Amino acid sequence: MTEHELRVSKIQDGTVIDHIPGGQALNVLAILGIDGSGGEEVSVGMNVPSNRLGRKDVVKVEGRELSGEEVDVLSLIAPRATINIIREFSVEEKLRVSRPERVSGILSCPNANCITTKGEPVESTFEVLSDGVRCAYCDTIIREDFAAHISVS
Ligand code: CTP
Ligand code: ZN
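Residue numbers (our numbering): 16 to 168.
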């Protein structure tokens with residue numbers, strides 16, 4: 016896209032999460048715990064054309080620099096996402112998400128008998144495998160459609 020076709024404005028300071036698979040932007044925001052109630056200035060582009068992905072989503076958060084740990088859990092739904100840290104309108108850092116060893120408090124266990132789903136004050140924790148995630152409490156494995164198991168708490 017050329018400059019005058021830019022669909023979502025550039026931001027001054029903050030984080031741009033780019034190359035999100037088309038349709039996953041709202042799940043990215045849910046994982047990051049951003050729902051607008053915190054007053055963050057957020058722009059979302061959905062299903063915009065991309066050379067690499069065909070269609071992609073883009074999320075831009077003004078005024079917040081997201082850390083590697085914060086964004087690594089995005090690797091579950093957006094393994095090819097690029098994290099751009101923006102300062103004074105320029106890209107200061109460009110990071111790829113990497114797979115974390117475990118993910119806590121983001122996904123909810125599909126097992127109704129799991130201690131993490133019974134109303135106890137136990138935070139969900141999943142170990143990240145090469146082809147899915149495994150509940151640290153009951154060993155239930157989630158292999159696909161992580162988005163369906165995101166618990167927005
Ligand atoms: N961006 C932005 N505000 C800025 C600078 C960049 O919103 N002040 C966005 C761009 O629109 C783009 C992303 O940040 O979506 C990365 O910018 P840049 O590295 O300039 O673009 P590309 O070279 O296309 O990135 P890549 O090589 O990662 O595809
Ligand atoms: Zn479990």
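Built from N, CA and C at the ideal position, the CB exists for glycine as well. Remember, predicted model here, so these are calculated numbers, not experimental data.
Does Ser58 come out as helix, strand or coil in the three-state DSSP assignment?
Strand, per DSSP.
Looking only at DSSP bridge pairs, what is Glu142 linked to?
According to DSSP, which records beta bridges pairwise, Glu142 is partnered with Arg117 and Arg149.
Indicate, with yes or no, if ligand 1 has a heavy atom lying under 7 Å from the CB of Ser170.
In the structure as shown, the chain starts at 16 and stops at 168, and residue 170 therefore has no counterpart that could be examined.
Starting from the Cα of Ile49, find the closest Cα among Lys75, Ser139 and Asn99 and give me that residue.
For the residues Lys75, Ser139 and Asn99, the minimum Cα distance to Ile49 belongs to Lys75.
When DSSP labels each residue in this structure, what does Ile46 get in the three-state scheme?
It is helical.
Looking at Val143: is its Cβ nearer than 8 Å to the Cβ of Pro115?
In contact: Val143 and Pro115 (Cβ atoms closer than 8 Å).
Option nearest Glu138 by Cα separation, candidates Ile156, Ile157, Ser166 and Glu159
The residue with the shortest Cα to Cα distance from Glu138 is Ser166.
Say yes only if the C-beta of Thr30 is nearer than 7 Å to one or more non-hydrogen atoms of ligand 1, and no if none qualify.
Incorrect: Thr30 has no Cβ contact closer than 7 Å to ligand 1.
Boundaries (first-last residue) of the alpha helix (DSSP H) holding Gly83
From DSSP, the alpha helix (DSSP H) with Gly83 extends over Gly83 to Asp87.
Report the option in Arg111, Pro94 and Ile100 whose CA atom is closest to the CA atom of Ser145.
When only C-alpha atoms are compared, the closest one is Pro94.
Taking only three categories from DSSP, how would you classify Ile156?
Shown here, Ile156 sits in a strand according to DSSP, grouped into three states.
Test item: CB-CB of Asp33 and Val63 under 8 Å
In this structure, Val63 does not lie closer than 8 Å to Asp33 by Cβ.
Is DSSP giving Leu68 helix, strand or coil here?
It is coil, neither helix nor strand.
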